[in-house]
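Report on the following structure.
Number of protein chains: 2
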Amino acid sequence: MPRKRRLPTRDELRVWREFLETGEVLRALLATRLQADTGLSPSDYAVLLALSEAEGNRARSSDLATLVGWERSRLSHHLGRMERRTLIRREECASDSRGAEIVLAPAGRKAFHAATVPHLTAVRELFVDALTPDQLAAAGEVAAALRSHLDR
Amino acid sequence: MPRKRRLPTRDELRVWREFLETGEVLRALLATRLQADTGLSPSDYAVLLALSEAEGNRARSSDLATLVGWERSRLSHHLGRMERRTLIRREECASDSRGAEIVLAPAGRKAFHAATVPHLTAVRELFVDALTPDQLAAAGEVAAALRSHLDR
Numbered sequence: 121m122p123r124k125r126r127l128p129t130r131d132e133l134r135v136w137r138e139f140l141e142t143g144e145v146l147r148a149l150l151a152t153r154l155q156a157d158t159g160l161s162p163s164d165y166a167v168l169l170a171l172s173e174a175e176g177n178r179a180r181s182s183d184l185a186t187l188v189g190w191e192r193s194r195l196s197h198h199l200g201r202m203e204r205r206t207l208i209r210r211e212e213c214a215s216d217s218r219g220a221e222i223v224l225a226p227a228g229r230k231a232f233h234a235a236t237v238p239h240l241t242a243v244r245e246l247f248v249d250a251l252t253p254d255q256l257a258a259a260g261e262v263a264a265a266l267r268s269h270l271d272r
Numbered sequence: 121m122p123r124k125r126r127l128p129t130r131d132e133l134r135v136w137r138e139f140l141e142t143g144e145v146l147r148a149l150l151a152t153r154l155q156a157d158t159g160l161s162p163s164d165y166a167v168l169l170a171l172s173e174a175e176g177n178r179a180r181s182s183d184l185a186t187l188v189g190w191e192r193s194r195l196s197h198h199l200g201r202m203e204r205r206t207l208i209r210r211e212e213c214a215s216d217s218r219g220a221e222i223v224l225a226p227a228g229r230k231a232f233h234a235a236t237v238p239h240l241t242a243v244r245e246l247f248v249d250a251l252t253p254d255q256l257a258a259a260g261e262v263a264a265a266l267r268s269h270l271d272r
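Chains as they are written, first to last, in my numbering: chain A, 121 to 272; chain B, 121 to 272.
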């Protein structure tokens with residue numbers, strides 16, 4: 121629903137700022153907990169999660185960039201750091217322009233599995249427990265509406 | 121409402137991931153628009169906004185860190201970059217342990233004012249226009265519930 125007026129109202133802006141700021145506080149708290157509990161950053165966790173869910177635990181770097189929603193250059197730098205920590209392996213593919221294939225390595229699989237319960241516990245304590253069932257459903261609806269709008 | 125079970129259900133996790141991922145897409149799109157339209161990063165904008173709203177357009181760095189929700193070290197690095205671009209000034213205060221006083225400089229005031237309309241337009245187009253009035257109210261309620269939970 122495009123509206124005619126040009127700028128958000130004061131109430132709309134208040135919701136936006138509350139939404140933005142709360143999301144930042146939530147991400148920062150979760151990142152601190154994840155790092156302290158598991159030694160993984162949220163970026164590490166996002167890559168390991170995507171590879172864990174990928175067919176054969178491997179993905180082209182171009183596909184992985186889409187899955188985690190990052191620019192190729194950011195992904196490439198981060199994968200370099202994860203490779204040095206033996207969490208993932210890169211298998212170069214000279215014949216293929218879609219980039220190297222990224223493979224979940226044994227240490228990455230182990231770190232991801234060890235992180236799962238602490239991470240999910242933190243998500244429950246910081247996010248799920250904050251909301252009533254109705255609020256949780258509303259959060260899902262809001263996210264879906266935003267996603268569908270932004271995908272256009 | 122603490123619940124007895126330990127891990128989130130599949131549905132709760134689905135909402136969490138959708139909420140997290142949509143927030144990231146939204147922030148990335150807004151950051152790209154802000155940078156392209158105004159030459160300011162979201163971090164620049166957050167600092168300029170906080171100083172614009174502060175009494176006398178100045179704040180102690182410790183208070184500014186609270187206002188923008190960052191660690192002191194992150195704020196300090198960022199303020200160094202903003203000072204070199206003459207967007208802000210730092211006035212050291214040897215007698216005061218709360219840190220330097222940060223002052224909105226003329227170029228910062230000008231950049232912030234020039235950014236306001238493009239930024240608010242982007243917030244309307246990317247966030248407000250995505251949601252029905254009921255969804256917007258629900259987003260505000262969800263954010264307030266999260267904030268109140270996380271502040272405890």
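Glycine included, every Cβ here is placed at the ideal spot set by N, Cα and C.
None of the values given here were measured: they were computed from a predicted structure.
### Task
Check arginine 229 (chain A) in the structure and name its three-state DSSP category.
DSSP places arginine 229 (chain A) in helix when its eight states are reduced to three.
### Message
Tell me the DSSP secondary structure of arginine 194 (chain A) in three-state form.
### Response
Arginine 194 (chain A) falls in the helix class under three-state DSSP.
### Task
State the CB to CB distance for the pair glycine 143 (chain B) and glycine 143 (chain A), rounded to an integer number of angstroms; the pair is presumed to be in contact (CB under 8 Å).
Taking the Cβ atoms as the reference, glycine 143 (chain B) lies roughly 5 Å from glycine 143 (chain A), within the contact range of under 8 Å.
### Task
Check whether the Cβ of alanine 259 (chain A) lies closer than 8 Å to any Cβ atom in chain B.
Cβ-Cβ to chain B under 8 Å: yes for alanine 259 (chain A).
### Task
Report back the beta-carbon spacing between glutamate 203 (chain A) and arginine 210 (chain A) to the nearest angstrom; my notes put them in contact at under 8 Å.
Confirmed, Cβ separation roughly 6 Å.
### Message
If we define contact as Cβ-Cβ less than 8 Å, is threonine 241 (chain B) a contact residue for chain A?
### Response
Cβ-Cβ to chain A under 8 Å: yes for threonine 241 (chain B).
### Task
For alanine 265 (chain A), return the contacting residues in chain B, with the cut-off set at a CB-CB distance below 8 Å.
Result: Ala250, Leu251, Thr252 and Gln255.
#### Entry: Members of the stretch 137-154 of chain B near chain A, C-beta cut-off 7 Å
The residues in question are Glu138, Phe139, Glu141, Thr142, Gly143, Glu144, Val145, Leu146 and Leu149.
### Message
I'd like to know if proline 238 (chain B) contacts chain A, where contact means its C-beta is closer than 8 Å to some C-beta of that chain.
### Response
No - not a single Cβ of chain A is within 8 Å of the one on proline 238 (chain B).
### Message
Give me the subset of the stretch 171-184 of chain B whose CB atoms are less than 8 Å from a CB atom of chain A, sorted by chain position.
### Response
For the stretch 171-184 of chain B, there are no residues whose beta carbon sits under 8 Å from a beta carbon of chain A.
### Task
Please say whether proline 238 (chain A) and threonine 186 (chain A) have beta carbons closer to each other than 8 Å?
At the C-beta level, threonine 186 (chain A) and proline 238 (chain A) stay beyond 8 Å of one another.
### Message
On the criterion of 16 or more Cβ atoms from any shown chain inside 10 Å, does glutamate 175 (chain A) qualify as buried, or is it exposed?
### Response
Counting C-beta atoms within 10 angstroms of its own C-beta, glutamate 175 (chain A) has fewer than 16 neighbours from the protein chains shown and is therefore classed as exposed.
### Task
Determine the extent of the alpha helix (DSSP H) in which leucine 256 (chain B) is found, giving its start and end residues.
It spans 253-271 - the alpha helix (DSSP H) in which leucine 256 (chain B) sits, taken as one unbroken run.
### 8 Å CB neighbourhood of leucine 169 (chain B) in its chain, flanking five on each side removed
Contacts found: Phe232.
### Task
To the nearest angstrom, report how far apart isoleucine 208 (chain B) and leucine 146 (chain A) are at their CA atoms.
Their backbone Cα atoms lie some 29 Å apart in a straight line.
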